[in-house]
Amino acid sequence: MDLNKTLTHLKTYWQEADISEHSWFVGRILNEMPNFKVYCVKPKSKNIYLYVSHGISDSFNSEFFFISPQKSEKLIENLAMLASFSLKYPKEFQIGNVIDIGQPWIKNSSMELILISLPYPYGQSFEYDGNGVRYLWLLPIHQNEYDFLLKNGADALENLFDINEINYLDINRKSVINE
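As structure tokens, this is what we get:
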């Protein structure tokens with residue numbers, strides 16, 4: 001995928017944002033995906049950061065993003081790790097699936113599971129870039145939310161997120177599952 005197309009998509013959606021480009025040099029990602037980058041999008045009017053992958057779509061037709069309340073190099077590392085895994089296990093990276101990253105998604109969070117979801121906070125205008133690439137949200141979830149998903153499906157869990165109006169920017173948000 002052409003870097004200019006990714007940047008154009010991000011700049012079209014976030015016209016008032018600072019966008020920085022990052023690489024990850026640890027591990028095998030640059031051997032597997034020489035064009036891999038992560039863009040950090042900081043909308044000027046909001047206190048959020050989006051970390052958006054670039055390069056996965058060369059073989060997968062999707063890119064992934066995290067939404068965070070803070071800057072974090074950990075999210076660049078996580079996107080590089082998930083990009084590498086998506087090459088080996090593409091069927092695991094479908095909407096509604098959950099990936100266990102084996103560590104907190106961001107420092108001081110207890111959530112280690114990532115739900116691959118539609119980009120609900122931004123809608124279809126962000127989901128597709130007009131070049132056949134789909135942007136999917138990597139939403140951190142709790143273990144008991146994952147257990148609920150296994151029994152009831154991703155749609156049922158996402159419905160609970162809507163009903164409970166989760167604050168996805170809270171890195172230690174409470175689970176929507178009452179135990």
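Heads up: the sequence shown begins at 1 in full-length UniProt numbering, then just goes up one per residue. All C-beta atoms, glycine included, are put in the ideal place defined by N, C-alpha and C.
Measure the CB-CB distance between residue i and residue j and report whether it falls below 9 Å.
i    : j    : result
F148 : I116 : no
W137 : F64  : yes
I19  : I106 : no
Leaving aside the five residues before and after residue i along the sequence, list all residues of the same chain whose C-beta is less than 7 Å from its C-beta, in chain order.
i    : result
L150 : none
G102 : E112
K91  : none
Please work out which residues of its chain come closer than 6 Å, Cβ to Cβ, to residue i, disregarding the five sequence neighbours upstream and downstream, and give them in chain order.
i    : result
S175 : H142, N144, E145
P43  : W14, A17
I99  : I114
L50  : V41, F65, I67
How should residue i be labelled, buried or exposed, when 16 other C-beta atoms within 10 angstroms of its C-beta is the threshold for buried?
i           : result
Y135        : buried
G55         : buried
residue 199 : The structure shown does not extend to residue 199, since the chain is modelled only from 1 to 179, so the question has no answer here.
Take residue i and list the residues in its own chain whose beta-carbon comes closer than 8 Å to its own, dropping the five residues that flank it on each side.
i           : result
V26         : E77, A80
residue 185 : This structure cannot speak to residue 185, because the chain is shown only from 1 to 179.
Could you work out which residue in the options is closest to residue i when comparing CA atoms only?
i    : options               : result
K11  : V41, H22, L87         : V41
G132 : S45, N61, S86, L50    : N61
I166 : P121, H22, D129, F126 : P121
Check: Enumerated in chain order, which unbroken segments of the alpha helix (DSSP H) with a length of 4 residues or greater are wholly contained in the region 96-140?
Finding: Every alpha helix (DSSP H) stretch that sits fully inside the region 96-140 and reaches 4 residues is listed by chain position as 124-127.
Checklist line | Minimum length 3: unbroken beta strand (DSSP E) runs contained in the region 1-76 | finding: For the beta strand (DSSP E) assignment, the uninterrupted runs of no fewer than 3 residues enclosed by the region 1-76 are, from N- to C-terminal side, 17-22, 37-43, 49-54, 62-68.
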